[in-house]
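Trainee: These protein sequence lines map, in sequence, to chains A and B.
Counting from 1, one number per residue, gives the positions in the first sequence under the numbering used here.
Counting from 1, one number per residue, gives the positions in the second sequence under the numbering used here.
Pasting a structure below so you can have a look.
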Amino acid sequence: MNPFSSGTRLRDMIRAIRACKTAAEERAVVRKECAAIRASINENDQEYRHRNLAKLMFIHMLGYPTHFGQMECLKLIASAGFPEKRIGYLGLMLLLDERQEVLMLVTNSLKQDLNHTNQYIVGLALCALGNICSAEMARDLAPEVERLLQFRDPNIRKKAALCSIRIIKKVPDLAENFINPAAALLKEKHHGVLITGVQLCTDLCKVSSEALEHFRKKCTEVLVKTLKDVANSPYAPEYDVGGITDPFLHIRLLRFLRVLGQGDADASDSMNDILAQVATKTESNKNAGNAILYECVETIMSIEDNGGLRVLAINILGRFLANRDNNIRYVALNMLMKAISVDAQAVQRHRATILECVKDSDASIRKRALELVYLLINESNVKPLTKELIDYLEVSDQEFKGDLTAKICSIVEKFSPEKIWYIDQMLKVLSEAGNFVKDEVCHALIVVISNAPDLHGYTVRALYKAFQASSEQESLVRVAVWCIGEYGDMLVKNVGMLDVEDPITVTESDAVDVAEITIKRHTSDLTTKAMALIALLKLSSRFPSCSERIRDIIVQQKGSLVLELQQRSLEFNSILEKHRNIRSALVERMPVLDEATFSGRRAGSVPTTLSPSTMASVKVPNGVVKSAAAPLVDLLDLTSDDAPAPSSSSGDFLNDILGVDLSPASAHSGASQAAKNGTDVLMDILSLGTPPAQSSSSTPDIFSLSQNQKSPVASLDGLSTSSPVSARAASSQAASSIIDLLDGLGPSPPAPENNGPAYPSVVAFESSSLRVMFDFLKSPGNPQITVIKATFTNLSSNVYADFVFQAAVPKFLQLHLDPASGNTLPANSSGTVTQTLRVTNSQHGKLIRSMVKMFWRKAKSTTSHVNCEDDRFFWKD
Amino acid sequence: MIHFVLLISRQGKVRLTKWYSAYPQKERTKVIREISGEVLARGPKLCNFVEWRGLKVVYRRYASLYFCMCINQGDNELEVLEIIHHYVETLDRYFGSVCELDLIFNFHKAYYILDELLLAGELQESSKKTVARLIAGQDALVETAKEEANSISNIIAQASK
């Protein structure tokens, strides 16, 4: 026999791999081995099959692909000898998982081995079945396993019991077949069988209420007696762990008793004595004893009420909490969370200790403790506890700050006794960990501030001070900039001084400084900069003396690379220069934000981001849209894809604003087409019920276009002057054109707030031969999904056969096309085909666009004729 | 229920993986990377539990090896520590003061022992003696098969001389 023919021995291969100094070397060795193994597999080499598989398993553990060895496992399992089967089953469990089709091929071998005369082989088969069987295999082999539950050898019975657990988890319908054999296992003496039997019964109760009833009636007594026997058994070296006989059995019995006692007073009653005995007599100086106590406490907490036992359990937890071992403290915190629903008062007693655990050096303990503290907080203790948590925020680890901040914010929001306290705490959190505060929390804070008119002055001064101290916290900066924009005059004039405040002197130019610093800082993100820009516009009216300086800052943003800022700075500049008469009305203070709307929206779990649009899209009483902020973000969404938009041609510029991805050629080809596309977009926008603010911003663009139909290339200046204000000034014509457009869309005008459930249908495409209508549907609970029903109508006089509609969307969207209602379109609009599209927008709020293609064949023509129409759709959801 | 068992060396090398819940191959690699990152980074005095993806990883270090078991949120962490120790003691008894090298070169044996201890993610046997006896029985079967094969091949060799 040539020793070199079959490659190296397993041991040598491992040695060779271990000797590799670099990953590349290791890869080379593995590659060589894999090549040899493949060759050997191809030759169908029987002798070294199991050695090859062993090698493959090692290679698999190193993370290399080994799928080519899967069939070898099956061959080894099918062979007669025990050594081959042993390694084959091991490979099967290691290299395959239940999702692989190959696994089905092994069902027959498994069945044979389950009936084998050699009990070790039966054991191997049971082990493989229990670890990786799929639902189909479970169904096929359940009768065999059921039979093996009564096998003469206890080692097979215990394996069969655990295997049954897997089977009933995969196929719960089979549970009832296992109830009786499982109950029989509970009477056994062999610990392995008892442990697995109890486990099987516990799992049966989870999937079948019938099983639960059966075991509750028939087995509670037996189990109590077994637990008593184990708890009182003398020293047994075979099962002894730290002076306790078989803690594993203890724990499983306690767990099963918990299942039986839950919700049943009689069963609970019958186990009281033994639980009390276990809780008092178990040694707690070793981990094994503590594990039993832990399980026992949980059982006491879960079964029907018994005051005395509960006191015992809470005392054990108190002892755990004071333990020096971190593991014990961890489980104590874990259990106290469950105990809170049983006896909140008792848990409150440990508050101080728990609070200390929040500051522990161990991340797992901290996390548990924080969860627990969160549950412990109520109206009466919120102030001291929040103070402790915020104090700790200063010194906590960076990675813990996120969790901690979220919890503090949630606590403050939930339990705040008064507004000033809420604002104070939030400002502390913002200054300490503003970068971890979520946008919606900031938004909630702004809503609260806006609803507390007597605190406006106080808040803006506090924010000003906080900004000076910690201007690197993004969220703090945003809130500060917003408040200074709104209430800047109060900051300077010290309006609404509270007794607790120290007076500060802030000049108008100091307040402008804040916005200027923010807008010029490189680390500020776009939203923050945009908010600062709006704040500046507002301040220009509040502080006439700084008007010039503000104009300079705004003008500097004209050169911003971000189109949005550039656009706004041009518009704001024109407001400052040309429309002084309406400026003060335009930038007056925000109306009070409606708390109920806001909290309602949050409750509807619509992700609210801190966007100026949500703040500003509220109508003031005179019906003038507060346009200062609103278009910003909405348009940001439109243009975010092509942010560094060069604006050499105003045609492109317009396209960018509207988000219309027309090719330049079409923009220049004819004014009418450009205008049509423009209006299409407008129609889309309007019809989908976006805030009116947006329509007012796009109107002038359309307007200017329709006026300049002869010269499609409108100048930049023309655009910038046609700001919302000027549009409204010259609105008669514009308004009529809008109304015309709206008429074509049906009666419902755009809803003032977003997410109105009804959307009018839209003509998505129309030519002389075909019309496509889109109806939109949106479920309020899931704003990311838009369901579009497309209706196709044939306007020509020919029947269209083989009509196919195709759509493509960008990556952030997911499109699901349901089958169409038919593929033949009768002529002369005499029938329609409908098809449903489901669009999931992963970036909710971002413009949805899609490209659509349609094919059909004119039925009469002899040669099959394919028409193709292209169109692109955009809308905002 | 135990979802998987991992043995990781201090250097982050995987020494044994056993999956009782279905994790596709790609996911397994990711899980191993995540868990070794979490577990190896923890200091010596900290508790032995790490919360991970809504589950819990209970780990215990023996010399240079970390034994990790992943369990459900509601399971008994302290018991799992005992199970780990139970496994280590069984390995120790089998190999005679086990070390990492034993588990590298005889990784299949480590799997066989684990398979006698755990099945379907649940504990199977609480007696180390029983496990040792069962493993010895199977090893003996392998030995006899090997001897038979040798004697047959000897006979064939002699016959063909």
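Using N, Cα and C, we set each Cβ at its ideal position, and we do this for glycine too.
#1: Quick check on the burial criterion: 16 or more other C-beta atoms within 10 angstroms. Buried or exposed for A:Val412?
#2: Among the candidates A:Thr507, A:Met497, A:Asn494 and A:Leu565, whose CA atom is the shortest distance from the CA of A:Ile519?
#3: Quick one: measure Cβ to Cβ for A:Leu148 and A:Ala160, integer angstroms, because I've assumed they're closer than 8 Å.
#4: Would you tell me roughly how many angstroms separate the C-alpha atoms of A:Glu418 and A:Tyr464, rounded to the nearest one?
#5: Give a yes or no on whether 8 Å exceeds the smallest Cβ distance from B:Glu147 to chain A.
#6: Residues of the stretch 758–786 of chain A with a CB closer than 8 Å to any CB of chain B: list them in chain order, please.
#7: Please list, in chain order, the chain B residues whose beta carbon lies closer than 8 Å to that of A:Thr8.
#8: Under 8 Å Cβ to Cβ from A:Asn131, same chain only, skipping five residues before and after it: list those, please.
#9: So A:Asn364 contacts chain B; which residues on that side make the cut at Cβ distance below 8 Å?
#10: Once the 5 residues before and after A:Ala236 are set aside, which same chain residues still bring their CB inside 6 Å of it?
#11: Quick one: Cα of A:Pro612 to Cα of A:Val479, how far?
#12: Does the stretch 114–121 of chain B come into contact with the stretch 143–156 of chain B, if we say contact requires no fewer than three beta-carbon pairs (one atom in each stretch) closer than 8 Å?
#13: What does the Cβ neighbour count give for B:Ile218, buried or exposed, with the cut at 16 atoms within 10 Å?
#14: Any beta carbon from chain B within less than 8 Å of A:His456's own beta carbon?
#15: Below 8 Å, can you find three or more Cβ-Cβ pairs linking the stretch 396–408 of chain A to the stretch 435–448 of chain A?
#16: Would you mind working out which of A:Gly307, A:Gln262, A:Ala452 and A:Val230 sits nearest A:Lys281, comparing C-alpha positions?
#17: How long is the line joining the alpha carbons of A:Asp12 and A:Glu47, rounded to whole angstroms?
#18: Please confirm if A:Lys159 has its CB atom under 8 Å from at least one CB of chain B.
#19: Measure the CB-CB distance between A:Thr793 and A:Ser829 and report whether it falls below 8 Å.
#20: Measure the CB-CB distance between A:Arg542 and A:Asp594 and report whether it falls below 8 Å.
#21: Of all the options A:Ser547, A:Val562, A:Cys546 and A:Tyr458, which has the alpha carbon lying nearest to the alpha carbon of A:Ala530?
#22: Roughly how many angstroms lie between the CA atoms of A:Asp240 and B:Phe4, to the nearest whole one?
#23: Identify each residue in the stretch 188–208 of chain A for which the Cβ-Cβ distance to at least one residue of chain B is less than 7 Å, and report them in chain order.
#24: Measure the alpha-carbon distance for A:Lys158 versus A:Gly192 and round it to whole angstroms.
#25: Who are the neighbours of B:Glu100 on chain A, taking C-beta pairs under 9 Å?
#26: Roughly how many angstroms lie between the CA atoms of A:Lys710 and A:Ile575, to the nearest whole one?
#27: Shortest alpha-carbon distance to A:Cys133 belongs to which of A:Cys163, A:Asp343, A:Thr791 and A:Cys483?
#28: Could you tell me the alpha carbon to alpha carbon distance between A:Ser509 and A:Ser396, rounded to whole angstroms?
#29: What residues from the stretch 260–294 of chain A come within 8 Å of chain B, judged by C-beta to C-beta, listed N to C?
#30: Take the Cβ of B:Gly43 as the centre, count every other Cβ of all protein chains shown within 10 Å, and call the residue buried at 16 or more, exposed below.
#31: At which residues does the alpha helix (DSSP H) containing B:His3 begin and terminate?
#32: Identify, in the order they occur along the chain, each residue of the same chain with its Cβ nearer than 7 Å to the Cβ of A:Tyr330, setting aside the five sequence neighbours on each side.
#33: To the nearest angstrom, report how far apart A:Val347 and B:Val14 are at their CA atoms.
#34: So what does A:Phe765 bridge to, in DSSP terms?
#35: DSSP on B:Cys99, reduced to helix/strand/coil?
#36: Tell me whether A:Tyr235 sits in a helix, a strand or coil according to DSSP, three-state version.
Mentor: Put simply:
#1: As a first step, residue 412 of chain A is located in the first sequence; it is residue number 412 there, counting from the start. Buried, because 16 or more other Cβ atoms sit within 10 Å of the Cβ of A:Val412.
#2: In the first sequence, the residue the question calls residue 519 of chain A occupies position 519. The residue with the shortest Cα to Cα distance from A:Ile519 is A:Leu565.
#3: Taking the first residue of the first sequence as position 1, residue 148 of chain A is located at position 148. Taking the first residue of the first sequence as position 1, residue 160 of chain A is located at position 160. A:Leu148 to A:Ala160, Cβ: 4 Å. Contact.
#4: On the first sequence, residue 418 of chain A is found 418 positions in, with the first residue counted as 1. On the first sequence, residue 464 of chain A is found 464 positions in, with the first residue counted as 1. One C-alpha to the other measures close to 22 Å.
#5: The residue you call residue 147 of chain B lines up with position 147 of the second sequence. So no, B:Glu147 is outside the interface.
#6: none
#7: Counted from its first residue, the first sequence places residue 8 of chain A at position 8. Chain B residues near A:Thr8: none, gap ~13 Å exceeds 8 Å.
#8: As a working mapping, residue 131 of chain A is identified with position 131 in the first sequence. Closer than 8 Å at the Cβ level, and outside the excluded window around A:Asn131, lie Met93 and Arg166.
#9: By 1-based counting over the first sequence, the position of residue 364 of chain A is 364. Note on identity: in this sequence residue 364 of chain A is Ser, with Asn being the wrong assignment. What A:Ser364 touches in chain B: Leu46, Cys47, Phe49, Val50 and Glu51.
#10: By one-based count along the first sequence, residue 236 of chain A stands at place 236. So the qualifying residues of the chain are Thr245.
#11: Residue mapping note: residue 612 of chain A aligns to position 612 of the first sequence, counting from 1. Residue mapping note: residue 479 of chain A aligns to position 479 of the first sequence, counting from 1. Note that A:Pro612 scores 40 on pLDDT, short of 50, meaning its location in the model is unreliable; the coordinates nonetheless yield the value given after this. Whole-angstrom Cα-Cα distance: 11 Å.
#12: no
#13: Since the first residue of chain B shown is 1 and the last is 161, residue 218 of chain B is not available in this structure.
#14: By 1-based counting over the first sequence, the position of residue 456 of chain A is 456. With 8 Å as the cut-off, A:His456 does not count as an interface residue toward chain B.
#15: yes
#16: As a working note, residue 281 of chain A is residue 281 in the first sequence. Among A:Gly307, A:Gln262, A:Ala452 and A:Val230, the Cα nearest to that of A:Lys281 is on A:Val230.
#17: The residue given as residue 12 of chain A occupies position 12 in the first sequence. The residue given as residue 47 of chain A occupies position 47 in the first sequence. Approximately 18 Å, taken between the alpha carbons.
#18: Residue numbering aside, residue 159 of chain A sits at position 159 when the first sequence is read from its first letter. By this cut-off, A:Lys159 is an interface position.
#19: As a working mapping, residue 793 of chain A is identified with position 793 in the first sequence. As a working mapping, residue 829 of chain A is identified with position 829 in the first sequence. The answer is yes: Cβ separation under 8 Å.
#20: Taking the first sequence and counting its residues from 1, one reaches residue 542 of chain A at position 542. Taking the first sequence and counting its residues from 1, one reaches residue 594 of chain A at position 594. No, the pair does not count as a contact, with Cβ atoms beyond the cut-off.
#21: Position 530 of the first sequence, counted from the first residue, corresponds to residue 530 of chain A. Ranking A:Ser547, A:Val562, A:Cys546 and A:Tyr458 by Cα distance to A:Ala530 puts A:Val562 first.
#22: Indexing the first sequence from 1 puts residue 240 of chain A at position 240. Indexing the second sequence from 1 puts residue 4 of chain B at position 4. Approximately 26 Å between the Cα atoms of the pair.
#23: His191, Gly192, Ile195, Thr196 and Gln199
#24: Position 158 of the first sequence holds residue 158 of chain A. Position 192 of the first sequence holds residue 192 of chain A. Their Cα atoms are separated by approximately 6 Å.
#25: Looking up residue 100 of chain B in the second sequence gives position 100. Residues of chain A passing the Cβ test: none, with the nearest at roughly 11 Å.
#26: What you label residue 710 of chain A is simply residue 710 of the first sequence in a count that begins at 1. What you label residue 575 of chain A is simply residue 575 of the first sequence in a count that begins at 1. Since pLDDT at A:Lys710 reaches only 40, below the 50 mark, its modelled position is unreliable, and the value read off the structure follows with that caveat. Distance between the alpha carbons of A:Lys710 and A:Ile575: 28 Å.
#27: Residue mapping note: residue 133 of chain A aligns to position 133 of the first sequence, counting from 1. Cα-wise, what sits closest to A:Cys133 is A:Cys163.
#28: Mapped onto the first sequence, residue 509 of chain A falls at position 509. Mapped onto the first sequence, residue 396 of chain A falls at position 396. Straight-line Cα distance between these residues: approximately 37 Å.
#29: Asn287, Ala288, Asn290, Ala291 and Tyr294
#30: Mapped onto the second sequence, residue 43 of chain B falls at position 43. Per the 10 Å Cβ criterion, exposed.
#31: Stepping through the second sequence from its first residue, residue 3 of chain B is reached at position 3. No alpha helix (DSSP H) contains B:His3, which is instead part of the beta strand (DSSP E) from Ile2 to Ser9.
#32: As a working note, residue 330 of chain A is residue 330 in the first sequence. So the list reads Ser364, Ile365 and Arg368, once near-sequence residues are dropped.
#33: As a first step, residue 347 of chain A must be located in the first sequence, where it is residue number 347. As a first step, residue 14 of chain B must be located in the second sequence, where it is residue number 14. Cα to Cα, A:Val347 sits roughly 42 Å from B:Val14.
#34: In the first sequence, residue 765 of chain A corresponds to position 765, counting from 1. In DSSP, A:Phe765 forms a bridge with A:Val772.
#35: As a first step, residue 99 of chain B is located in the second sequence; it is residue number 99 there, counting from the start. Three-state result, B:Cys99: coil.
#36: Mapped onto the first sequence, residue 235 of chain A falls at position 235. A:Tyr235: coil per DSSP, three-state reduction.
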